[in-house]
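Q: For reference, the structure I am asking about is given below.
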Amino acid sequence: FQAGQPDEFVMLRLGGVRMELFQAQDAGPEAHGGSQEVGFTHLCFHVPDVAAKAAELRQAGLQPEEVIDCGHQVSGLKVCFFNDPEGNRVELMEGWQDDPNPPARG
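Mapped onto my numbering, the consecutive letters of the sequence shown carry residue numbers 7 to 112.
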């Protein structure tokens, strides 16, 4: 997954919990520890305003990256990444809307 780039993905939901699964872009060496690690790589929080939350994080001494507009993939979708004080990768997401007509379970 490269934020802002088109990819195949699915968002699974159970109650208020969601999990995103992305199709690996290639089976190259990056899939084993580079920037495209396989497996759990970060935690995401849905927020109403990514830019405002990023500004709050900066004031608190963290270093969020630039806000990425992913509107070409999902209308209104924006994301921002940062590392928490323990080094965990965290994503902030704004604008995700569940599909009102999801595919039927089979």
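Just so it is clear, CB atoms sit at the ideal spot from N, CA and C, and this is done for glycine as well.
Consult DSSP for VAL56 and reduce its assignment to one of helix, strand or coil.
A: helix
Q: May I have the straight-line CA-CA distance separating GLN69 from LEU20, to the nearest angstrom?
A: 32 Å
Q: Starting from LEU68, trace the beta strand (DSSP E) both ways and give me its first and last residue.
A: Neither: LEU68 is in no beta strand (DSSP E) and is coded neither H nor E.
Q: Report all residues from its chain with a CB closer than 8 Å to the CB of GLU48; omit the five preceding and five following residues, and keep chain order.
A: According to the sequence displayed, residue 48 carries His and not Glu. Counting only Cβ-Cβ distances below 8 Å, and skipping sequence neighbours, we find PHE87, ASN94, ARG95, VAL96 and GLU97.
Q: State the Cα-Cα distance for the pair HIS78 and GLY22, rounded to the nearest angstrom.
A: Cα-Cα distance, rounded: 25 Å.
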